[in-house]
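In UniProt numbering, the protein residues as written are 1 to 99. Glycine is no exception: its CB is placed at the ideal position from the N, C-alpha and C atoms.
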């Protein structure tokens, strides 16, 4: 799958990020922040990102992506934080906006 490979390539080298799928690889929000950082490094200090607060990571990533990269935030951070992992189809649609 080209989108999955693109996600792997775009987040390669980011500490704490290993993309193997469209669901559990995105659980803590760090991978979303890595994507934002890859395309606009000035928006955040990735070295300060941790996996301790997935809700905060989701909120920050979705807000930055929408405000600075034009990626609409149609995945809700509050709802997503309540789930064990992101819905595959929703995530594919969201990530396609970066691609």
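Return the residue from the list the options that minimises the CA-CA distance to residue i.
i          : options          : result
residue 79 : 71, 62 and 92    : 62
residue 69 : 33, 5 and 9      : 33
residue 22 : 43, 58 and 5     : 5
residue 88 : 9, 67, 11 and 26 : 26
residue 28 : 49, 67 and 90    : 49
For residue i, does the three-state DSSP call read helix, strand or coil?
i           : result
residue 100 : It is not possible to answer for residue 100, since the shown part of the chain is limited to 1 through 99.
residue 92  : helix
Can you name, in chain order, every residue of its own chain whose Cβ lies under 7 Å from the Cβ of residue i, other than the five neighbours on each side?
i          : result
residue 7  : 19 and 95
residue 59 : 77
Does the segment 3-21 come within contact of the segment 68-78, defined as at least 3 CB pairs closer than 8 Å? no
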